[in-house]
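For reference, the structure discussed in these notes is given below.
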Amino acid sequence: MINGLNDLLAIKEKRLPDINARREKPGASPEWQVLVCTGTGCTSSASHRVKEELLRQVQLKKAPARIVKTGCFGFCKMGPLVVIYPGQTLYCRVKKEDVAEIVEKHLLGGQVVERLLYTEPVSGEKKSRLSDIRFFRAQYRIALRNCGLINPEDITEYIACDGYFALANVLLHWTPAQVIDTIKKSGLRGRGGAGFPTGRKWELAAAAPGPVKYVVCNADEGDPGAFMDRSILEGDPHSVLEAMTIAGYAIGAREGYIYVRAEYPIAVDRLERAIAQSRQYGLLGRRIFNTDFSFDIDIRLGAGAFVCGEETALLRSATGERGEPRPRPPYPAQCGLWGKPTLLNNVETYANIPVIIREGPDWFASVGTENSRGTKVFSLAGKVLNTGLIEVPMGITLRTVIFDIGGGIPEGRRFKAVQTGGPSGGCIPERYLDTPIDYESLKQLGSMMGSGGMIVLDETDCVVDIAKFYLQFSQDESCGQCTPCRVGTKRMLEILERITQGKGTLEDLDELEELSREVMDASLCGLGQTAPNPVLSTLKYFRQEYEAHIIEKRCPAGVCRALVDYVIDEEKCIACGLCARECVAEAIIGEKKGQPYFIDRQKCLKCGACLARCPKGAIYTA
Amino acid sequence: MTGEEKDWEEKYRQLDEVIERYGQQEGQLIRILKEAQDIFGYLPEEVQTYIAGKLNLPVSEVNGVVTFYALFHTEPQGKYSINICLGTACYVQGAQGIFDEFRRQLDLREGNTSADGLFTVKSTRCVGACGLAPVLTVDDKVYGKFRRQDVARLLQKYRRREVTAGDQWIERPARYQGETAPGH
C-alpha cells in the first residue's frame, strides 16, 4: 500500500538497478537483462515459446540473466524480437531453437550471436545496437517511452521508470487549475484524429457544473491497419491509468472508464491486471496518497463497430446500448456518459500526460511544429520494407518516414501513394512526400492525421480499388441512422463498382464528386462527414487512373478483376494440367506433359482458381 | 434427461454466474452478451430472451444491441472459425483473394458456414499484426504471410485435425495463464 511519496520512492529504489541496466546508466544491476517482446505481432509469431525456452535454459545453465516480457518494440516485421542489455543487442526472428546459442554464447560467453542480428537491407551491414538501426534512428519516443522497456504486467517496473510520480506530485502539491494550465501550455492536441486542443477539453469538462463527472478513455481503435493504441495498452497500461487519474483530479471526477475493443484480448487482459495492481498498491481507489481524492477505473468492452470511435456513439456504447451517434452540441463535456459531464481522450493522448507533468510543458512544446507539438505514433504498413510501429516528432517529412525509417518500397517497385487517416483520410502522391507531417498540412492535402494509420501503396496497387475498399468499409460501418451516410455512401460505392468493372462513364466522376460533397455536408457524425475523403483525394491526384478504367477499360495496376486477364507464363509452366482440372469454365487448354498450357480469354470467368492451384506460380494477371 | 439437455442446463448455470457478476453494474450488457456468446457459441433468440428477462430489459433492446455489433452472431458457428483480416495492410497484400478462395473452396454462397458445419469463414478488421500481412486466424491461432496457394492445405489440415504445434505457420497462444505473478 502506497501512502505517500516515500513509499513510491522506496519501490523505485528497489527496482531501479534493473531499469538502469536497460537504460545503460550507472547503478545498474550486474545481471543481463533479456527483453522479449510479447506484443500482438511477436506473440503471433510465437515469442512466448522463445521466452519459456529462455527461462528454462537460463535456469538450467545458471546464466546471470533476468528474462523480462515487454510490450512492442515496434519492429514487428522482424519478430519475434529479443533485446539484451547491456549492449542493446537486437536479435531478430528468434526461434526456440536459437535460444541455446544465445544463452551459451551471449549470456555466458559475452559474445554476440552474429547470425541473428539485423541486416540493413540497402547496405547489407549487420547492426548490433538497436539504436544504430535506421528504423529506430529518426524516432523519438514520448508516448511509447516504456513500450519495449518494462514488463507491462509489473507495476513496480513502471514506478521505477518514474511512473505515478506525476500523479503524486499533482495530488500533493498542485491545484486542478494548475494541471489544466500545464496541459494547455504544452500545446498537446487530441491524438485520436481531429486534433482538438487537449487542455481546452479538460478546461471545458472542469468548468461543467455538477457533482458527478466521468473520465473516459477511447481505446476503440477501429481504423483498419492501425494498432498504436493497442500497443500502448499492451506495453504500458499504467501510463494510461495514471493519466486518467490525473485527469479525474483536474476536472473533479471520481470514476473513469476505458472503452476497449473486445477483439483486443491481450490489451484487455493487461489492462485488467494493471487496474488490479493499482488498486492493490492504493494508486486507484479511496484516498489516493492519503489525500481526499478518490478515483477508480473500470473497463467497458466495445464489440466491433467502427462508428463507436465517434465520441457520442462511444459514450452510448459504453452504457451497453447501440452505438449510434447523436448531434452535437451538447458536447460530452456538458452531457456525456449517463448524461453527466464527461472528459473523453484517446489512449495516445493520455500516454503523453504523465511526461508533460513531469518534464514540464515547455519541454514538450519544444518538440514538433508550431501548431502541432510533441510526437505522433504511426503504424507503418503496406508496401514498405520495415513495417511496424513508430513514434516521430511532428514536422518530420513523409519521405523520412517511408524511405528512411520504413526503408523504402520492397522488390524494387515504385512508390505510388501513402494513405493516412484510414477510412477518413486520403491518399497522398509522390510529389508531396516532402511535406512535414502535422494536423494542418495533412488536412490541406485532402487527408488527415487520423489515429495514425499509414499505409504505403506501390505501383501494383490500384487507387480506384483502394477508394472502393475504404468506401465499402464506411458503408459497412455506417450505423444507418442518417440518410446521407447510409444511402449516399451506398450510391457512391455503386458508382465505384461500375468503374472497376469497366462500365463507368466520365459523368460518373462528376457525380462522385457531387455526391461526396453532399455526404460530407449533410451527415450527422464524423464517419459520414469524412467517408468521401479517400474518393476525393484519389480523384484529385489520380484522375487519369480513373479515366483509364473508364475510357480504355484498363486497370493500369492490374488489380480490378474484370479488367485484367489471367495469363500462363510459358517459361514457368510445367504442363502438369492441375489448372485445367480446376477450371470450371474449361477455359484452359493444353496437354499433360506437352506444351505449356494456354488460357482462352473468351471463356475465362476470371475466378482466379487456376492461379491459386498452380504449384509453380506460373499464372499471373495482366 | 439427455446429454444435450444436461449440457444446455450447465450452460445456463454458467450464464447465471455471469449475470450475477455483471448484472448489478450499469451498462454491462455488451460484456454479458460477449460472455454468453463464449458459453453458447452464439446468441440464439432463446438466450437473448433469457438475458433480457434476468436484466429486466425489453427483448427488443437486447436484440438491438446484438444486431448492432459485428462481434455477435445469432447463428451457430462452424467448429473452426476462420477470420481473414481485411484491414488495409492485409488488403493491399492480397487478402481479398484469400477470402474469396476460402469461400470458393468451401462452396459458400449465402451463409458463412460450410455445409459440413466444420468451418465458418468471415472477414475481420485489423488484428494488429500488420507486419505479418496478410494475416488470418483460425480460432486463436494466427497464420501470417499467408498465400492464396495455402488455402487448400490449411483446410485439409483442419479436416484431418492434424494441426500440431511447430508446423511452418505462425501461431499464438490462447491466453497468458499461470505466468509470473506481478512484481515477481
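Residue numbers (the working numbering), protein chains in the order written: chain A, 2 to 623; chain B, -6 to 177. For each residue, glycine too, the CB sits at the ideal point set by N, CA and C.
Would you say residue i lies against chain A (beta-carbon separation less than 8 angstroms)?
| i | result |
| --- | --- |
| Val85(B) | yes |
| Leu64(B) | yes |
| Ala29(B) | no |
| Gly124(B) | yes |
| Tyr35(B) | no |
| Leu8(B) | no |
| Glu13(B) | no |
What residues from chain B crowd round residue i, counting only those whose CB sits closer than 7 angstroms?
| i | result |
| --- | --- |
| Glu456(A) | It should be pointed out that residue 456(A) corresponds to Ile in this sequence rather than to Glu. Under the 7 angstroms cutoff, chain B gives Thr81, Ala82, Val85. |
| Glu322(A) | Val58 |
| Ser380(A) | Cys123 |
| Asp462(A) | Val85 |
| Ala263(A) | Lys27, Leu64 |
From the beta carbon of residue i, is the nearest beta carbon of chain B less than 8 angstroms away?
| i | result |
| --- | --- |
| Gln420(A) | yes |
| Leu285(A) | no |
| Phe1(A) | In the structure displayed, chain A extends from 2 to 623; residue 1(A) sits before or after that span and is not available. |
| Lys417(A) | no |
| Asp99(A) | no |
| Asn7(A) | no |
| Ala586(A) | no |
| Ala319(A) | yes |
Applying a beta-carbon distance threshold of less than 9 angstroms, which residues of chain B neighbour residue i?
| i | result |
| --- | --- |
| Phe470(A) | Leu79, Thr81, Tyr84, Val85, Gln89 |
| Ala144(A) | Residues of chain B passing the Cβ test: none, with the nearest at roughly 17 angstroms. |
| Ala22(A) | Per Cβ cutoff of 9 angstroms: no residues; Ala22(A) is ~16 angstroms from chain B at best. |
Assuming residue i and residue j make a contact with CB atoms under 8 angstroms, what is their CB distance in whole Å?
| i | j | result |
| --- | --- | --- |
| Ile23(B) | Ile12(B) | Between Ile12(B) and Ile23(B) the Cβ distance is about 13 angstroms, and since that is not below 8 angstroms, they are no contact. |
| Thr246(A) | Phe296(A) | 5 angstroms |
| Asn534(A) | Ser425(A) | 6 angstroms |
| Ala29(A) | Asn21(A) | 4 angstroms |
| Gly149(A) | Cys43(A) | About 10 angstroms separates the two Cβ atoms, so there is no contact after all. |
| Ser132(A) | Pro81(A) | Rounded, the Cβ-Cβ distance is 20 angstroms, inconsistent with contact. |
| Lys62(A) | Leu109(A) | 6 angstroms |
| Lys554(A) | Leu564(A) | 6 angstroms |
| Gly422(A) | Gly454(A) | 7 angstroms |
Cβ closer than 8 angstroms: which chain B residues qualify as neighbours of residue i?
| i | result |
| --- | --- |
| Arg301(A) | Gly20, Gln21, Ile23, Arg24 |
| Arg649(A) | Nothing about residue 649(A) can be read from this structure; chain A reaches only from 2 to 623. |
Residues of chain A with CB closer than 7 angstroms to the CB of residue i, please, in chain order.
| i | result |
| --- | --- |
| Arg118(B) | Gly223, Pro225 |
| Phe61(B) | Ala306, Arg323, Gly324 |
Relative to the ligand FMN, is the shortest distance from any of its heavy atoms to the C-beta of residue i smaller than 7 angstroms?
| i | result |
| --- | --- |
| Phe61(B) | You won't find the ligand FMN in this model; it holds no ligand whatsoever. |
Run down chain A in chain order and give the residues with a C-beta less than 9 angstroms from the C-beta of residue i.
| i | result |
| --- | --- |
| Val135(B) | Thr41, Thr44, Ser45, Ser46 |
| Gln142(B) | Leu612, Ala613, Arg614, Cys615, Pro616, Gly618 |
query: Between the stretch 593 to 623 of chain A and chain B, which residues of the former have CB atoms less than 9 angstroms from a CB of the latter, in chain order?
result: Cys608, Gly609, Ala610, Leu612, Ala613, Arg614, Cys615, Pro616, Gly618
Segments of 3+ residues assigned as beta strand (DSSP E) that fall wholly inside the stretch 65 to 94 of chain B: 73 to 78
- prompt: Residue ranges of each alpha helix (DSSP H) run of no fewer than 4 residues wholly in the stretch 341 to 409 of chain A, ordered along the chain?
  reply: 348 to 360, 362 to 366
query: Got a sec: which bits of the stretch 90 to 108 of chain B sit with their beta carbon under 8 angstroms from any beta carbon on chain A, in order along the chain?
result: Gly90, Asp93, Glu94, Arg97
- request: Anything in the stretch 55 to 79 of chain A with a Cβ closer than 7 angstroms to a Cβ of chain B? List those residues in chain order, please.
  value: Cys77, Lys78
field: Secondary structure, alpha helix (DSSP H): runs of 4+ residues fully inside the stretch 94 to 125 of chain A
entry: none
message: Tell me which residues of the stretch 378 to 410 of chain A have at least one Cβ-Cβ distance to chain B shorter than 7 angstroms, keeping chain order.
response: Ser380, Ala382, Gly383, Lys384, Thr388, Gly389
Sequence ranges, alpha helix (DSSP H) only - wholly within the stretch 39 to 105 of chain A, length at least 4: 41 to 45, 48 to 61
Short-range partners of chain B found in the stretch 243 to 264 of chain A, where Cβ spacing is below 8 angstroms: Ala263, Glu264
- request: Taking only runs that begin and end inside the stretch 508 to 588 of chain A, name each unbroken beta strand (DSSP E) of 3 or more residues, in chain order.
  value: 567 to 569
query: Along the chain, which unbroken stretches of the alpha helix (DSSP H) at least 4 residues long are found entirely within the stretch 137 to 196 of chain A?
result: 156 to 161, 166 to 174, 177 to 187
task: Just list the alpha helix (DSSP H) runs in the stretch 279 to 340 of chain A, keeping only unbroken ones of 4 residues or longer that don't cross its boundaries, in chain order.
output: 312 to 319
- prompt: Whole alpha helix (DSSP H) runs in the stretch 13 to 73 of chain B with 4 or more residues, listed along the chain?
  reply: 22 to 33, 38 to 48, 52 to 61
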